[in-house]
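Residues 6 to 92 in the working numbering are what the sequence shown spells out, letter by letter.
Glycine is no exception: its CB is placed at the ideal position from the N, C-alpha and C atoms.
Given the structure is predicted, the values throughout are model-derived calculations rather than measurements.
Everything on this sheet refers to the single structure shown next.
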Amino acid sequence: MNKVELINAVAEKAGMTKVDARKAVDAMMAATKEELMNGGKVGLVGFGTMNVVERPARKGRNPRTNKTINIKAKKVVKFKAAANLLK
């Protein structure tokens, strides 16, 4: 499902216009992004939890040349699904 399909589904399920659904989806995405960028955690009961974790620098291997390369440390978003999400 892409963003347009999500907006259409929200509009249909909530009985709202697509314009209002777009505003709601955009607001949710902006609030989630802001919280994660500030080092916070976003938890949605029955859906899951998102937080930012830092991956340390490490050594890797270029599969074409088999040369060892250095992979920089970086921050990534980690998602943990709720226990009942896929039941």
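Under DSSP, G48 shares a beta bridge with T54.
Of all alpha-carbon atoms in N89, T54, K92, A62, the one lying nearest the alpha-carbon of K83 is that of T54. Of the other Cβ atoms in all chains shown, 16 or more fall within 10 Å of the Cβ of V47; this residue is therefore buried. For R63, same chain residues with a beta-carbon under 6 Å away, outside a window of 5 residues either side, are I76 in chain order. Closest in alpha carbon position to K79, among V58, K85, R66, is V58.
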